[in-house]
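Residue numbers (full-length UniProt numbering): 1 to 171.
Ideal Cβ positions, reconstructed from N, Cα and C, are used throughout, including at glycine.
Quantities reported herein were computed from a predicted structural model and do not represent experimental measurements.
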Amino acid sequence: MTGEEPRARHFAPVADARTRVLILGSLPGVASLAAGQYYAHPRNGFWRLVGGVIGADLAALPYPARLDALRAAGIGLWDVVGSATRRGSLDQAIRDPEFADLAGLVATLPDLRAIAFNGATAARHGRARLADLWPGERAPDLLALPSSSPAHTLPLAEKARRWDALREYLG
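This is how it looks when you write it as structure tokens:
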């Protein structure tokens with residue numbers, strides 16, 4: 001790392017009072033940042049995986065319609081890392097992270113039932129920031145999902161089987 005890498009910044013959260021499942025990634029990759037869209041890399045399986053959960057071909061929709069479909073299904077999106085330096089898109093390359101205000105966001109989600117982490121990095125950092133938010137209260141379930149990234153080489157069908165666990169929180 002040269003120290004001259006620009007800071008990558010997360011996008012605004014996609015969530016509202018209907019959100020029952022909040023999916024947290026780590027930090028948008030290069031293709032997503034360039035497009036200004038969550039999960040924009042064509043090989044990332046996110047839109048196919050979450051589309052399978054809600055029974056919609058999200059990948060075929062224009063981006064704004066994808067977000068509308070997620071909101072209507074009770075799914076929100078955001079990232080654990082608010083900004084960081086990173087060369088490339090791999091989570092292992094994240095340096096000097098500043099974390100997102102997860103506590104502030106979840107406080108605005110009255111029907112939140114589960115927080116799902118898209119990959120190990122999001123789970124590790126997200127759990128650390130959310131662990132103590134619900135003392136004495138019923139906390140939403142925290143679910144670690146296999147990453148939708150093509151760098152995570154688990155077959156898409158196996159990822160889909162594990163992502164299907166989100167269905168029980170949406171009904």
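Spatial neighbours of R48 within its chain, please: C-beta separation below 8 Å, excluding the five flanking residues on both sides.
L58, A59, L156 and A160
Pull up the distance between the alpha-carbon of V30 and that of R124, whole angstroms please.
22 Å
Which ranges does the alpha helix (DSSP H) cover as unbroken runs of at least 4 residues, wholly within the stretch 77 to 145, from first to last along the chain?
102 to 106 and 120 to 130
Status (buried if at least 16 other CB within 10 Å, exposed otherwise) for T153:
exposed
Between which two residues does the beta strand (DSSP E) holding A15 run?
Segment: none, A15 is in no beta strand (DSSP E) and carries neither H nor E.
Contacts around L77, its chain only, beta-carbon distance under 6 Å, and the 5 residues preceding and following it disregarded:
V14, I23 and Y38
Please determine, among T108, E168 and T121, the residue with the shortest C-alpha to C-alpha distance to P146.
T121
Coil, strand or helix - L22 by DSSP:
strand
Once the 5 residues before and after R127 are set aside, which same chain residues still bring their CB inside 7 Å of it?
L142
Nonlocal neighbours in the same chain, by C-beta distance under 7 Å from L33, ignoring five residues either side:
A8
Looking only at C-alpha atoms, which of V21, A151 and G82 sits nearest to I54?
V21
Could you give the distance in angstroms between the alpha-carbon of L102 and the alpha-carbon of I115?
11 Å
Which listed residue (S89, D16 and D132) has its alpha carbon closest to that of R43
S89
Buried or exposed for D96, going by 16 or more other Cβ atoms inside 10 Å?
exposed
Quick check on the burial criterion: 16 or more other C-beta atoms within 10 angstroms. Buried or exposed for R138?
exposed
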